[in-house]
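Numbered as in the working numbering, the sequence shown ends at 75 without a single skipped number.
Glycine included, every Cβ here is placed at the ideal spot set by N, Cα and C.
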Amino acid sequence: MAETPDTGGRPEHVAECTACGRVYPVRSDADGELRPIGTDGACVCGNETFAALGEAEETGE
Ligand SMILES: [Zn+2]
Numbered sequence: 015m016a017e018t019p020d021t022g023g024r025p026e027h028v029a030e031c032t033a034c035g036r037v038y039p040v041r042s043d044a045d046g047e048l049r050p051i052g053t054d055g056a057c058v059c060g061n062e063t064f065a066a067l068g069e070a071e072e073t074g075e
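This is the structure in structure tokens:
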């Protein structure tokens, strides 16, 4: 509940970086790509591919 998305919109799902396994709240952009909220569209590791995990929820991270 402490997270404040700063790129607009609300997190709709959560997804995991396919490279390093970090989990982000994400939204689907106009092309259907998963975009992590609060970043420039890529994971901090530089990967831009995410695997959807399901509905957004507290991850306890
Ligand atoms: Zn990553």
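Annotation for E30: the continuous beta strand (DSSP E) segment containing it runs H27 to C31.
From the listed residues D45, C57 and V40, the smallest Cα separation to V28 is found for V40.
Relative to ligand 1, the beta carbon of A33 is positioned inside 7 Å of a heavy atom.
If you check the C-beta of R36 against ligand 1, you find a heavy atom less than 7 Å away.
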